[in-house]
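Peer 1: Offset between the sequence shown (1-based) and this note's numbering: plus 358.
So that we are looking at the same thing, I have put the structure below in structure tokens.
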Amino acid sequence: MLLHSKLISSAGIILLAALATPATAGTLYKWTAEDDSVSFTDDPGRIPERYRSRVETIESGGLDAYPRYTPDDPDAVASYRARLAARLERLRESNAPEASRVAPAAAGGPLSETIIKVNESTSVRVPTTVSDEGPIVVEEVRVRRKGSLFTIHDTVVRQGDKVLMVVRPAQSHQAGPNDFIDERELFE
């Protein structure tokens, strides 16, 4: 039993030493197909029969002598950084809040954000204004869409009589989160 254990551990050490060394030199085979795609292999048995007459043999060195060189062009780097800075500035300008979007919220009071947990895996942020309209109410309603026999559960977030948000489950027929859904269907 002891001899068997020593044999396994020495075989493991030899295997680890072989895997830890860099790749050794070997023969590579290269061929070009009719569509000008270039293929390589180190196993001559994997060369397709129709390309065996056009195979080029390459003797490779070990990876320890592989040159690692990345050319550095200071002009290209400076140009890229300038383009990136200009794009970043354009994005910041386009995403900056406009006065027309901020003004209605400020009219009702200071703008705040409420995080509402819809279910175990979903929570949404609802922008609200501090006002006397009452507390924020989250209710689940059962809705049947026009032309459908089935009902679905929607979550309606209200403050007073004002509907702040409607959260609907994703439907297989919807193209994505940008689909337009008429919220007036809830009140029919």
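Just so you know, even glycine gets a beta-carbon here, dropped at the ideal spot from N, CA and C.
Hey, out of R412, G403, G384, D401, whose CA is closest to A391's CA?
Peer 2: R412
Peer 1: Return yes when the Cβ of T486 is within less than 8 angstroms of the Cβ of S470, no when it is not.
Peer 2: yes
Peer 1: So for P485, helix, strand or coil by DSSP?
Peer 2: strand
Peer 1: Report all residues from its chain with a CB closer than 7 angstroms to the CB of E497; omit the five preceding and five following residues, and keep chain order.
Peer 2: V514
Peer 1: Mind reading off the beta-carbon distance from W389 to E414? Whole number of angstroms is fine, and I expect it under 8 angstroms.
Peer 2: Going by Cβ atoms, the distance from W389 to E414 rounds to 7 angstroms, so yes, they are a contact pair.
Peer 1: Report, in whole angstroms, the separation of the C-beta atoms of V476 and V525, which I expect to be a contact under 8 angstroms.
Peer 2: 5 angstroms
Peer 1: Can you check which of these residues, D394, D393, I416, is closest to D400 by C-alpha distance?
Peer 2: I416
Peer 1: Going by DSSP in three states, P380 sits in which element: helix, strand or coil?
Peer 2: Because P380 sits at a pLDDT of 49, beneath the cut-off of 50, its placement in the model cannot be relied upon, and the following sentence gives the value as read from the coordinates. In the structure shown, P380 sits in coil (DSSP, three-state: anything other than H, G, I, E or B).
Peer 1: Looking at the unbroken beta strand (DSSP E) that takes in E447, where does it start and where does it end?
Peer 2: It is not in any beta strand (DSSP E) - E447 instead sits in the alpha helix (DSSP H) that spans 432-453.
Peer 1: Could you compute how far the alpha carbon of F398 sits from the alpha carbon of Y387?
Peer 2: 6 angstroms
Peer 1: For D431 and R516, what's the separation of their Cα atoms in angstroms?
Peer 2: Spanning the two alpha carbons is a distance of roughly 58 angstroms.
Peer 1: Span of the beta strand (DSSP E) holding F398?
Peer 2: 396-399
Peer 1: Give the range of the beta strand (DSSP E) segment to which D512 is assigned.
Peer 2: 509-517
Peer 1: If you draw a straight line from the alpha carbon of K504 to that of P493, how long is it in whole angstroms?
Peer 2: Rounded to whole angstroms, K504 to P493 spans 31 angstroms at the Cα level.
Peer 1: From the DSSP output, which residues share a beta bridge with T415?
Peer 2: Y387
Peer 1: By DSSP, does R556 sit in helix, in strand, or in coil?
Peer 2: Absent from the structure is residue 556, since the part of the chain shown begins at 359 and ends at 546.
Peer 1: G384 to G419, Cα distance in whole Å?
Peer 2: 7 angstroms
Peer 1: Can you tell me which of the three DSSP states R459 falls into?
Peer 2: Residue confidence is low: R459 scores 46 on pLDDT, short of 50, so the model does not pin down where it sits. Its coordinate-derived value is still stated next. DSSP, reduced to helix, strand and coil, places R459 within a helical segment of the structure shown.
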